[in-house]
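Visitor: Input: one structure, supplied below.
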Amino acid sequence: MSAELTEIRWHARAGQGAVTAAKLVAEAALREDRYFQAMPEYGPERMGAPLKAFTRISDAPIEISNNIEHPDIVVVLDDTLLDSVDVTEGLAADGAVVVNSPSAPAAIRAQLGLGAGVAVATVDASAIALDTIKRDIPNTPIVGALVSVRPVVALDSVLAQLQATFGKKFAREIIDANLDSVRRAYQEVVYDA
Amino acid sequence: MTDTTPTAVVGAAAVDLSAVEQRTIASTGNLFVAEAFRQIDPDAVCAYPITPQTTIVEEFAKFVANGRVHTEYVTVESEHSAMSATIGASAAGGRAFTVTSSQGLALMWEELHIASGLRLPIVMINANRAISAPINIHGDHSDVMGARDSGWIILMAENAQEAYDNTIIATRVAEAARLPVMPTLDGFITTHSIARGQVADDATVKAFVGEYVPDDSLLRSTSPVMVGAFANLGPTYMKVKKAERDAIDASLPIIGEVGAQWASVIGRDYGHVESYGVDDADLVVVIMGSAAGNVRAVVRRLREQGQRVGVVKVRTYRPFPAADLAAAVSGARAIAVLDRAESFGAPAGPLALDTLAALYGAGIQVPVRSYLYGLGGADVRLDLVEQVYADLADVADDGDGLLNPTPRYLGIR
């Protein structure tokens, strides 16, 4: 694929907000006048079932609509999926993996058997979400970790989009909690390559 | 072939071009269509939800509930009833819309012919989806092909932008041609992906579609008409069918003109076919719907490598733009037609049959290959598209007959 196109695959369990996260990144890209696609993979819709979602970000209009088989970045919202789903299938040799986990990146790297070319990052997005939003919804903070590891969109674009999305519907403290969760994950994410 | 001399067949749109404002948004294809519905504000929407069109009717129901449209929203217990109610609303003189997909479109089959036979300007969005069995909710064109011969104008969108624009264009076309129009978008690929696109301001859309005042209708007419008449043995039935044939043939320049008018408003070109790279191309692919983008991306890459390849996307499927298609592929040495629907037992896929007829009519004799691809939402990988062009290169070099009569399944041995 052309250099300016970035492809992201999201792994989560139904109910964790992976589609919302994919949409947030797409809308942040629109704020930067860039191009995007965000699409869920539809299957049986059961709460807790493993699911995938996909995001493309590009500086040029995106014509293709085929599946993303070789993502540049994989984001895992639930580390219990690491045992049951091949989350790094097709990952680019110089790709990046961002996992919602309290474990150190080295432990995840060993668990997934990843080579040196792949960047591995972890962030305890669930703990951050419980601390800030008061619910275990890791989808918003993990976007902060994603843009820290790979600046597919700017942190400020994510924050501005969250403000715009939540501003219409929610109280100030809820908006601030979400913004805070993104900033914290952006700061607290650790990676080893 | 019908003479489609582009004379002024529809009135000008009452749009103040200096006041047009477009917003760039991120939205699913379905919500782009729902937004067009809101802006058009039809008199009646009679619909039944079915995956993958559900979010169109859900979103539009919210617009109705929140008083953002004046539409009479009629909930029904099946698609058979949805189309029946839409026919009633349209015959009464209202601007009547509906939305369906797959098994729902199949269930409407008898009413589809009634809508066109009564010459009712209904607009129905179809979210293109496979037909059972086996059960499959994903995108292909099997449902559309089941409606192909029903007398409806059929417009095929590649993406959310085209789905939005086609909905607006269809409103004017239906009323100018006095025929029902079915703008379609591919299930999930286009209906559910969040895409970037532009929507015009409400005033522009309202001015473009204008107010619908039928010449005659059950409720508004000053000169009463009969709707649903009996025409048994004798010449009447054939005369009516001939009039339908004449009407849909005559709708081709209407679609072209309305498309050109909308293009002048929003700055995106809309022709019956859209070509890329064909001017010097030896090898050309003909395709409809969302996968056209995949083919265009492959064409860009192959052309960078110096290969003379091109692609033609068919936007207006019924009436079939035979002359436009033949002109677009006239320089090709080999052509592949990619169909996302079967015509079981036919010598080629449905779009391939149309293409062969168009080429024959234009006196063009080049090898044509028929491929079936992407059935039930099967992924249209770029390497599969590359394989088609590699096959075509062989066909062009060794002149492998005009048409190998067995359609090939792309990606399946």
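Each protein sequence line maps, in turn, to chains A and B.
Per the working numbering, the first sequence starts with residue 1, numbered consecutively.
Per the working numbering, the second sequence starts with residue 194, numbered consecutively.
Glycine included, each C-beta is placed from N, C-alpha and C at the ideal position.
Computed from a predicted structure; not experimentally measured.
Which parts of the segment 442-476 of chain B are runs of the beta strand (DSSP E), unbroken and 3 residues or longer, counting only runs that do not cross its ends?
Guide: Those beta strand (DSSP E) runs which fall completely within the segment 442-476 of chain B and span 3+ residues are 466-469.
Visitor: In chain B, which residues lie with their C-beta within 7 Å of the C-beta of Y35 of chain A?
Guide: Near Y35 of chain A (Cβ distances below 7 Å), the residues of chain B are R389.
Visitor: Out of A:L112, A:A106, A:D33, point me to the one whose CA is closest to P61 of chain A's CA.
Guide: Comparing Cα-Cα distances from P61 of chain A to each of A:L112, A:A106, A:D33, the minimum goes to A:D33.
Visitor: Under a Cβ-count criterion, where at least 16 other Cβ atoms within 10 Å of its own Cβ denotes burial, should Q187 of chain A be classed as buried or exposed?
Guide: Result: exposed.
Visitor: Indicate whether the contact test is met: 3 or more Cβ pairs, each with one atom in the segment 396-411 of chain B and one in the segment 354-372 of chain B, closer than 8 Å.
Guide: Judged by Cβ distances under 8 Å, the segment 396-411 of chain B makes contact with the segment 354-372 of chain B, as three or more pairs qualify.
Visitor: So, at 7 Å on beta carbons, what are the nonlocal neighbours of V588 of chain B in its own chain, with the 5 sequence-adjacent residues on each side left out?
Guide: Closer than 7 Å at Cβ, skipping near neighbours: A527, P560, R562.
Visitor: Need the endpoints of the alpha helix (DSSP H) that F230 of chain B sits in, please.
Guide: Residues 222-233.
Visitor: Tell me, please, whether the CB atom of G499 of chain B is closer than 8 Å to any CB atom in chain A?
Guide: Output row for G499 of chain B: interface = no.
Visitor: Give me the residue from A:D156, A:A121, A:G90, A:K168 with the minimum Cα distance to R183 of chain A.
Guide: If we check each option's Cα against that of R183 of chain A, A:D156 comes out closest.
Visitor: If you count every other CB in all the chains shown that lies within 10 Å of the CB of Q37 of chain A, and 16 or more means buried, which is it?
Guide: Q37 of chain A comes out buried.
Visitor: In chain E, which residues lie less than 7 Å from N259 of chain B when you measure between Cβ atoms?
Guide: No chain E is part of this structure, whose protein chains are labelled A and B.
Visitor: Thinking P512 of chain B and L445 of chain B are a contact (beta carbons under 8 Å), I'd like their distance in whole angstroms, please.
Guide: Confirmed, Cβ separation roughly 5 Å.
Visitor: Going along chain A, which residues have a C-beta under 7 Å from V490 of chain B?
Guide: Residue identity check: residue 490 of chain B is Ala in the sequence provided, not Val. Ordered by position in chain A, the residues that pass the 7 Å Cβ test against A490 of chain B are E63, I64.
Visitor: Mind checking the segment 314-339 of chain B against chain A and listing, in chain order, the residues whose C-beta falls within less than 9 Å of any C-beta there?
Guide: Of all residues in the segment 314-339 of chain B, I330, H331 have a Cβ within less than 9 Å of some Cβ in chain A.
Visitor: Count the other CB atoms, across all protein chains shown, that sit within 10 Å of the CB of E497 of chain B; report buried if there are 16 or more and exposed otherwise.
Guide: Exposed, because fewer than 16 other Cβ atoms sit within 10 Å of the Cβ of E497 of chain B.
Visitor: Going by DSSP in three states, K255 of chain B sits in which element: helix, strand or coil?
Guide: Reduced to three states, the DSSP call for K255 of chain B is helix.
Visitor: According to the neighbour-count rule (16 or more other Cβ atoms, all chains shown, within 10 Å of its Cβ), is I605 of chain B buried or exposed?
Guide: Burial call: exposed.
Visitor: What does R9 of chain A pair with, by DSSP beta-bridge criteria?
Guide: DSSP lists A:F54, A:V74 as partners of R9 of chain A.
Visitor: Per DSSP, which one or two residues make a beta bridge with K506 of chain B?
Guide: B:E467, B:I480, per the DSSP bridge assignment.
Visitor: Could you tell me whether any Cβ in chain B is nearer than 8 Å to the Cβ of A154 of chain A?
Guide: No, its Cβ sits nowhere closer than 8 Å to a Cβ of chain B.
Visitor: Which residues of the segment 543-575 of chain B have a Cβ closer than 8 Å to any Cβ of chain A? Give them in chain order.
Guide: Of all residues in the segment 543-575 of chain B, D572, V573, R574, L575 have a Cβ within less than 8 Å of some Cβ in chain A.
Visitor: Are I304 of chain B and H331 of chain B touching if we call contact CB-CB under 8 Å?
Guide: Sequence inspection shows Glu at residue 304 of chain B; the Ile mentioned does not correspond to that position. No, they are not a contact pair.
Visitor: Does the beta-carbon distance from V208 of chain B to T415 of chain B come in below 8 Å?
Guide: Contact: no.
Visitor: Would you list, in chain order, the members of the segment 197-221 of chain B that have their beta-carbon closer than 8 Å to a beta-carbon of chain A?
Guide: The segment 197-221 of chain B vs chain A, Cβ under 8 Å: T217, I218, A219.
Visitor: Measuring straight from C-alpha to C-alpha, what distance separates F170 of chain A and I128 of chain A?
Guide: Their backbone Cα atoms lie some 20 Å apart in a straight line.
Visitor: For I137 of chain A, collect the residues of the same chain with a Cβ closer than 6 Å to its Cβ; drop the 5 residues on either side in sequence, then sort them by chain order.
Guide: The residues are G17, A129.
Visitor: Which one of B:W302, B:V420, B:A237, B:T264 has the shortest CA to CA distance from T279 of chain B?
Guide: Ranking the options by Cα distance to T279 of chain B, first place goes to B:A237.
Visitor: Quick one: using the 10 Å Cβ neighbour count with 16 as the cut-off for buried, is P151 of chain A buried or exposed?
Guide: It is exposed - the Cβ of P151 of chain A has fewer than 16 other Cβ atoms within 10 Å.
Visitor: Pull the bridge partners of V123 of chain A from the DSSP assignment, please.
Guide: A:N100, per the DSSP bridge assignment.
Visitor: Should T548 of chain B and V479 of chain B be called a contact, given that it needs their Cβ atoms to be closer than 8 Å?
Guide: Yes, these two residues count as a Cβ contact at 8 Å.
Visitor: At 3 residues or longer, what runs of the beta strand (DSSP E) sit wholly inside the segment 118-168 of chain A?
Guide: List check, beta strand (DSSP E) in window: 119-123.
Visitor: What does the alpha-carbon distance come out to for the pair N223 of chain B and V292 of chain B?
Guide: Approximately 11 Å between the Cα atoms of the pair.
Visitor: Just curious, the alpha helix (DSSP H) that P242 of chain B is in, first and last residue?
Guide: Counting along the chain, P242 of chain B falls outside any alpha helix (DSSP H), and DSSP gives it neither H nor E.
Visitor: Just to check my reading of the structure: R413 of chain B and G286 of chain B have Cβ atoms closer than 8 Å, yes? What is that Cβ distance to the nearest angstrom?
Guide: Between G286 of chain B and R413 of chain B the Cβ distance is about 4 Å, and since that is below 8 Å, they are a contact.
Visitor: Looking at the C-beta of L91 of chain A, does it have a partner C-beta in chain B at a distance below 8 Å?
Guide: No - not a single Cβ of chain B is within 8 Å of the one on L91 of chain A.
Visitor: So, at 6 Å on beta carbons, what are the nonlocal neighbours of E41 of chain A in its own chain, with the 5 sequence-adjacent residues on each side left out?
Guide: These residues qualify, in order along the chain: K52.
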